[in-house]
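Participant:
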Amino acid sequence: MEQTVWKTLLQAVADGKMTVDEAAARWKLAPFEELGYAKIDHHRALRQGTAEVIYGEGKTPEQITGIVSAMLEAGQRSVLITRLSPEAAAQVGQVHDLDYRPMGRLGIVGPLPEPDGVGTVVVASAGTSDMNVAEEAAVTAEFLGNRVTRLYDVGVAGIHRLLAHGEELMEAQVVVSVAGMEGALTSVIGGLVSCPVIGVPTSVGYGAAFGGVAALLSMLNSCASGVSVVNIDNGFGAGFLASRINHLGGNA
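When we follow full-length UniProt numbering, the leftmost residue of the sequence shown carries the number 1, and every step to the right adds one.
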């Protein structure tokens with residue numbers, strides 16, 4: 001909205017012609033900022049509780065830099081960039097103070113918040129080859145204000161590695177299970193814990209894994225109750241959903 005529209009809303013409230021709730025509802029529907037190559041939704045946090053996140057893949061470093069600048073100028077304290085290549089990160093870092101996490105291909109501009117979730121998000125990966133997706137989930141959850149415990153390389157090929165972390169699993173508010181190949185880790189965890197489990201199939205595996213389709217179908221067909229599944233390699237989506245679950249009943 002243009003400034004004159006904001007003034008009209010506020011004046012209507014002051015004159016008693018509109019209630020505060022009515023003005024807040026109008027505020028939530030405020031339009032975006034037009035950059036030509038992007039439309040920045042500055043009011044997403046007001047509507048959904050979480051500010052817009054930049055998907056870096058397919059965007060030029062100049063475009064990413066411009067979007068970050070617009071967000072910061074509008075008052076956003078921190079910005080998360082996903083699927084950010086090292087080359088793009090190097091260029092964005094020349095303009096903004098960028099914290100680049102190469103394992104998860106994530107960039108953070110601004111400080112991480114203090115954790116305010118109800119409990120702990122546990123992110124477990126089956127193998128070292130799944131760690132890039134697991135880190136995308138873990139850092140996303142941290143960016144959204146969660147305490148995160150990482151359990152990496154705990155797949156079913158050596159299940160004792162997972163069982164050695166029974167205490168962390170039992171204390172979790174939500175578990176993100178990241179696995180390729182046949183994706184069995186998610187069902188195993190789902191059969192051990194009482195909290196929600198989010199399965200993340202990865203594209204890791206030999207030919208019959210079909211780029212993660214085998215793990216996806218395995219997780220979707222899990223006989224363990226309380227398991228939900230996001231798309232292949234979608235660590236961000238899993239970390240975001242885990243944060244939503246971890247903030248249910250909290251103050252955020």
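Every residue, glycine too, gets a C-beta built ideally from N, C-alpha and C.
Helix, strand or coil for residue 207, going by three-state DSSP, please let me know.
Facilitator: DSSP places residue 207 in helix when its eight states are reduced to three.
Participant: DSSP state of residue 40, grouped into three classes?
Facilitator: Residue 40: strand per DSSP, three-state reduction.
Participant: Are three or more beta carbon pairs between the region 219 to 226 and the region 83 to 103 nearer than 8 Å?
Facilitator: With the cut-off at 8 Å, the region 219 to 226 and the region 83 to 103 do not touch.
Participant: Pairs of beta-carbons, one from the region 107 to 118 and one from the region 207 to 221, closer than 8 Å: are there three or more?
Facilitator: Output reads no: the region 207 to 221 does not touch the region 107 to 118.
Participant: Taking all protein chains shown into account, do 16 or more other C-beta atoms lie within 10 angstroms of the C-beta of residue 65, making it buried, or fewer, making it exposed?
Facilitator: It is buried - the Cβ of residue 65 has at least 16 other Cβ atoms within 10 Å.
Participant: If you follow the alpha helix (DSSP H) that residue 186 is in, where does it begin and where does it stop?
Facilitator: Residue 186 -> alpha helix (DSSP H) spans 184 to 190.
Participant: Taking Cβ to Cβ, would you say residue 204 is nearer than 8 Å to residue 235?
Facilitator: Cβ distance not < 8 Å, so residue 204 and residue 235 don't count as in contact.
Participant: Would you report the Cα separation of residue 59 and residue 22, rounded to the nearest angstrom?
Facilitator: Distance between the alpha carbons of residue 59 and residue 22 is about 37 Å.
Participant: Buried or exposed: which applies to residue 182, given that a residue is buried once 16 or more other Cβ atoms fall within 10 Å of its Cβ?
Facilitator: Buried, by the Cβ-count rule.
Participant: Going by beta carbon distance, what residues of the same chain come within less than 6 Å of residue 219, once the five residues before and after it are set aside?
Facilitator: If we look at residue 219 and ignore the five residues flanking it on each side, its Cβ neighbours are 183, 186, 199, 201 and 229.
Participant: Counting only runs that start and end within the UniProt domain "PurE" (119 to 251), where is the alpha helix (DSSP H) found for 4 or more residues in a row?
Facilitator: You should have 131 to 143, 160 to 163, 166 to 171, 184 to 190, 213 to 220 and 235 to 246.
Participant: Counting only runs that start and end within the region 62 to 103, where is the alpha helix (DSSP H) found for 4 or more residues in a row?
Facilitator: Runs found: 86 to 92.
Participant: Can you give the Cα-Cα distance for residue 208 and residue 54, rounded to whole angstroms?
Facilitator: When rounded, the distance between both Cα atoms is 33 Å.
Participant: From this set, 132, 118, 125 and 150, which residue's C-alpha is nearest residue 105's C-alpha?
Facilitator: Checking every option, the nearest Cα to that of residue 105 belongs to 132.
Participant: Report all residues from its chain with a CB closer than 6 Å to the CB of residue 84; omit the five preceding and five following residues, and keep chain order.
Facilitator: Excluding positions up to five away in sequence, the list reads 56, 105 and 107.
Participant: Skipping 5 residues on each side, what residues in its chain have a beta carbon closer than 6 Å to that of residue 134?
Facilitator: Excluding residues within five positions, the ones whose Cβ falls inside 6 Å are 123, 125 and 178.
Participant: Under 7 Å Cβ to Cβ from residue 130, same chain only, skipping five residues before and after it: list those, please.
Facilitator: Correct list, in chain order: 178, 179, 180, 202 and 204.
Participant: Between 154, 173, 19 and 161, which has its C-alpha nearest residue 141's C-alpha?
Facilitator: Nearest option by C-alpha distance: 173.
Participant: Assuming residue 53 is part of the beta strand (DSSP E), what are its boundary residues?
Facilitator: Where residue 53 is concerned, there is no enclosing beta strand (DSSP E), given that its DSSP letter is neither H nor E.
Participant: Start and end of the beta strand (DSSP E) containing residue 112?
Facilitator: Unbroken run through residue 112: none, as it is neither H nor E.
Participant: With DSSP as the reference, please indicate the residues paired to residue 255 in a beta bridge.
Facilitator: Summary: the structure shown does not reach residue 255, with the chain confined to residues 1 through 252, and so no result is reported for it.
Participant: Is residue 21 helix, strand or coil when you go by DSSP?
Facilitator: Here residue 21 sits in helix by DSSP.
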